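Down below is the structure, laid out as structure tokens.
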Amino acid sequence: MQTSPRRPDPAARGRFRAFGAALIALGVLAGPAMAQEAGQQAQQPAPAGAQSAPGEWRHGLSLLGQPKYPADFKHFDYVNPDAPKAGLLRLSVDGTFDSLNDIIARGTPAGGLQLIYDTLMSPASDEVATEYGLLAEAVRYPADFSTVTYRLRPEAKWHDGQPVTAEDVVWSFEQLTKNNPRQAYYYSHVKKAEVTGEREVTFTFDQAGNRELPQIVGQIRVMPKHWWTGKDASGRPRDISQGTLEVPLGSGPYKVKQVTPGRSISFERVPDYWGKDLPVNIGTNNFAEQRYEYFRDNVVELEAFKGDQYDFRVETSAKDWATAYDFPAVKQGKVILEEFPDRASGSMQAFIPNLRRTKFQDQRVRRALNYALDFDGMNRTLFFGQYKRTSSYFQNTELASSGLPTGLELEILDSVKDKVPASVFTTPYANPPEGGEDVRRANLREAAKLLREAGYEIKGGKLVDPQGQPFTIEILLASPAFERVALFYKPTLERLGITVNIRQVDVSQYINRIRARDFDMIVTGWGQSLSPGNEQRDFWGSAAADREGSGNYAGIKDPGIDALIEKVIYAKDRPELVAATHALDRVLLAHDYVVPTWNYGFTRTARWNRFGRPEKLPEYSFGFPDIWWWDAQKAAQTGGTQ
15 MQTSPRRPDP AARGRFRAFG AALIALGVLA GPAMAQEAGQ QAQQPAPAGA QSAPGEWRHG
75 LSLLGQPKYP ADFKHFDYVN PDAPKAGLLR LSVDGTFDSL NDIIARGTPA GGLQLIYDTL
135 MSPASDEVAT EYGLLAEAVR YPADFSTVTY RLRPEAKWHD GQPVTAEDVV WSFEQLTKNN
195 PRQAYYYSHV KKAEVTGERE VTFTFDQAGN RELPQIVGQI RVMPKHWWTG KDASGRPRDI
255 SQGTLEVPLG SGPYKVKQVT PGRSISFERV PDYWGKDLPV NIGTNNFAEQ RYEYFRDNVV
315 ELEAFKGDQY DFRVETSAKD WATAYDFPAV KQGKVILEEF PDRASGSMQA FIPNLRRTKF
375 QDQRVRRALN YALDFDGMNR TLFFGQYKRT SSYFQNTELA SSGLPTGLEL EILDSVKDKV
435 PASVFTTPYA NPPEGGEDVR RANLREAAKL LREAGYEIKG GKLVDPQGQP FTIEILLASP
495 AFERVALFYK PTLERLGITV NIRQVDVSQY INRIRARDFD MIVTGWGQSL SPGNEQRDFW
555 GSAAADREGS GNYAGIKDPG IDALIEKVIY AKDRPELVAA THALDRVLLA HDYVVPTWNY
615 GFTRTARWNR FGRPEKLPEY SFGFPDIWWW DAQKAAQTGG TQ
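Reading the sequence shown from the start, the letters are residues 15 to 656 in this note's numbering.
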């Protein structure tokens with residue numbers, strides 16, 4: 015399952031920047047999609063009597079057993095319940111924005127809008143796939159997971175004092191799925207949402223047995239129906255299907271304070287926020303104000319940080335981490351450099367060829383492109399030796415496959431033996447060898463051999479297909495940071511006779527071309543949680559391959575992959591989930607769909623030393639800015655002011 019945190023996480027924002035500046039706008043952070051696929055044997059219709067036993071009311075939900083915290087818990091273990099509520103936090107964002115309505119697929123919404131809204135449930139950072147009540151005080155579902163009912167807290171209020179109602183929840187769900195194709199796909203298994211009590215909302219699913227569905231709908235952002243269906247200050251009816259720069263009404267811990275279109279947006283803490291004393295909120299929302307400053311150039315953004323124009327930075331460039339942080343404030347201790355281990359997620363970052371293009375449909379061609387990538391030279395030359403080659407779609411987690419399949423994983427693969435490559439049973443996946451010049455030349459020879467086997471030949475110094483058409487690749491980029499990576503890759507591809515063009519476009523054009531599948535190759539990736547589930551359909555499922563805006567960038571259509579995705583989704587316990595994910599990972603790798611790049615098991619951060627934090631951070635997040643706070647004494651020493 016891919017959760018959508020209610021509050022912005024600069025660490026996550028920085029990691030996704032490493033996947034390409036357009037990922038946020040493409041909708042990845044808003045939540046990945048899921049779809050019902052024809053002929054999927056794991057899907058089962060909900061029995062007629064299944065909904066007659068709704069189950070007991072619960073204070074939390076977990077996919078991995080029982081929640082850690084009891085119903086009467088006071089606060090999460092990892093927060094400081096006495097954290098001071100003060101200070102200004104300044105953050106940076108790449109690009110620009112043109113809307114304060116972020117549920118629609120069009121336009122570029124401002125950062126931080128999550129701060130003004132509440133969701134039904136809120137995640138815990140020291141548990142995997144576990145949520146506790148926020149707007150909802152309780153939740154229940156039947157044993158077959160065919161429905162889920164949320165009961166709202168009576169004290170939940172919008173910032174104008176009106177209560178948050180069950181009608182708001184149903185309306186929000188309807189508008190989200192109506193106006194955002196990605197979210198419509200994500201929630202496509204929700205057959206209906208309806209008010210079933212004064213403060214109760216019930217979601218009915220089109221199938222039984224999908225353990226993740228009750229928890230997924232708990233992530234829905236609830237919006238005020240009465241405000242959006244009303245009129246603005248000029249008397250014009252509001253339209254939630256359109257972008258707007260009118261400040262929206264929320265129910266969350268912050269409200270919009272000031273907007274400079276395209277340049278900055280700030281949020282101020284709501285002193286009488288209705289949920290400030292809830293267990294999930296104690297020790298959080300500690301800053302009096304949070305401000306997002308926009309920068310269109312990473313070089314300018316870095317210099318702005320050095321000039322104390324914002325407070326916190328996630329550094330995704332190995333070169334900058336090694337060379338750009340020797341300025342006086344670091345030496346004086348005013349700026350702290352710190353790496354935090356990333357235990358909460360895995361990822362696959364890669365050069366991704368578009369399988370919808372005929373030239374990439376032959377696996378031998380894709381494998382040849384992998385042999386052409388001199389990762390060892392790239393790592394030494396560009397990254398100061400900081401990275402390791404990625405070899406799993408779930409890199410750096412227990413979900414990554416290795417060796418040969420055994421035990422339950424082997425049983426799962428045997429059940430789809432006629433749909434998966436035979437090599438998964440006999441040969442562990444491995445990227446091409448790494449090493450010096452001799453290894454690089456051997457890899458190029460192997461790449462040339464694979465291309466010949468695929469029917470290509472060299473004519474006039476150019477690689478051509480059997481019809482005499484030259485083999486060309488346009489590498490589409492939206493971030494200048496990846497240009498030097500593409501430029502490093504280009505010469506080796508050209509030595510094979512491939513014509514390579516590197517095309518950098520602005521974020522809006524990049525988004526439009528990705529959505530329309532108008533590209534040869536991109537450099538991006540997929541982030542994974544420790545509890546994969548329905549979003550895997552969106553990443554690799556056949557039904558998502560031709561759907562505009564899906565996460566299936568590569569255009570994968572494979573019955574074996576589809577079958578294994580269902581094994582992951584319908585896993586009955588953690589051991590089965592791990593085994594099914596190993597099998598899925600192994601088969602994805604065996605098809606050579608992408609050219610894996612690099613990974614780093616830590617998040618590099620730089621911050622002006624004016625913040626405090628709990629002594630022990632949660633296992634699955636370093637919690638910034640959620641559980642950090644303004645430290646007036648440190649701020650005075652760095653020149654910071656409130």
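Cβ coordinates follow ideal geometry from the N, Cα and C atoms, glycine included. Keep in mind it's a predicted model, so treat the numbers as computed, not measured.
Short Cβ contact (8 Å threshold) for residue i with residue j
i: T513; j: P484; result: yes
i: V438; j: V601; result: yes
i: R357; j: Y83; result: no
i: Y92; j: I579; result: no
i: I426; j: A152; result: no
i: E315; j: E282; result: no
i: L259; j: L114; result: yes
i: N300; j: P98; result: yes
i: M362; j: T404; result: yes
i: Y146; j: G69; result: no
i: K333; j: F398; result: yes
i: S76; j: T133; result: no
i: T163; j: E212; result: no
i: E488; j: V478; result: no
i: L510; j: A500; result: no
Among the options, the one whose alpha carbon lies nearest that of residue i
i: L387; options: A492, K82, V142 and T611; result: T611
i: Q176; options: D96, R551, S265 and G244; result: S265
i: G450; options: K245, N393 and A338; result: N393
i: K433; options: K571, F636, G125 and P494; result: K571
i: V519; options: L166, G109, K99 and P81; result: G109
i: D112; options: D640, D132, V478 and I279; result: I279
i: I117; options: I254, Q323 and V270; result: I254
i: P156; options: V537, V478 and L227; result: L227
i: Q409; options: V521, G626, T595 and A198; result: T595
i: F365; options: T161, I516 and T395; result: I516
i: Y3; options: L631, Q647, R624 and E629; result: Outside the modelled stretch of the chain, which goes from 15 to 656, sits residue 3, for which no answer is possible.
i: L149; options: D532, Y287, L501 and L603; result: Y287
i: Y339; options: E208, R621, A468 and N368; result: R621
i: R12; options: Q256, R154 and G539; result: This structure leaves residue 12 out entirely; the chain is present only between 15 and 656.
i: G10; options: K269, R529 and L166; result: The displayed coordinates of the chain run from 15 to 656. Any statement about residue 10 would go beyond what the structure contains.
i: G574; options: W554, A593 and T538; result: W554
i: D174; options: A557, V284, R305 and D532; result: V284
Under the three-state DSSP convention, the category residue i falls into
i: W622; result: strand
i: T611; result: coil
i: T703; result: Not covered by the structure: residue 703. The range shown for the chain is 15 to 656.
i: A49; result: Here A49 scores only 28 on pLDDT, less than 50, and its place in the model should not be relied on; the value that follows carries that caveat. Note: A49 maps to coil in three-state DSSP.
i: T617; result: strand
i: Q272; result: strand
i: Q54; result: With a pLDDT of 33 at Q54, under the threshold of 50, the modelled position of that residue is not reliable, and the figure given next carries that caveat. Three-state result, Q54: coil.
i: L591; result: helix
i: V677; result: In this structure the chain extends from 15 to 656, so residue 677 is not present and cannot be described.
i: I279; result: strand
i: A247; result: coil
i: V478; result: strand
i: W644; result: strand
i: Q363; result: strand
i: T486; result: strand
i: R459; result: helix
i: Q80; result: coil
i: P355; result: strand
i: K630; result: coil
i: R370; result: coil
i: R21; result: Because the pLDDT at R21 is just 37, under 50, the model does not fix this residue reliably, and the value given afterwards should be weighed accordingly. R21: coil per DSSP, three-state reduction.
i: Q304; result: strand
i: E145; result: strand
i: F638; result: coil
i: E451; result: helix
i: R252; result: coil
Any chain C beta carbon closer than 8 Å to residue i
i: R154; result: Chain labels in this structure do not include chain C; a single protein chain is all it has.
List in chain order: all unbroken beta strand (DSSP E) runs of 3+ residues lying wholly within the segment 161-229.
161-166, 204-211 and 214-219
Are the segment 94-113 and the segment 178-198 touching, with three or more C-beta to C-beta distances below 8 Å?
no
As an exercise, report each continuous beta strand (DSSP E) stretch of at least 3 residues that is fully enclosed by the segment 107-143, in chain order.
135-137
Taking three-plus beta-carbon pairs below 8 Å as touching, is the segment 542-557 in contact with the segment 571-591?
yes
Can you list, in chain order, the stretches of the beta strand (DSSP E) that have 3 or more residues and sit fully within the segment 514-584?
535-543
Going along the chain, which unbroken runs of the beta strand (DSSP E) with 3 or more residues stay wholly within the segment 312-349?
326-329
Tell me, please, whether the segment 454-471 touches the segment 498-514 by the rule of three or more beta-carbon pairs shorter than 8 Å.
yes
With three or more C-beta pairs closer than 8 Å as the rule, is the segment 230-243 touching the segment 186-199?
yes
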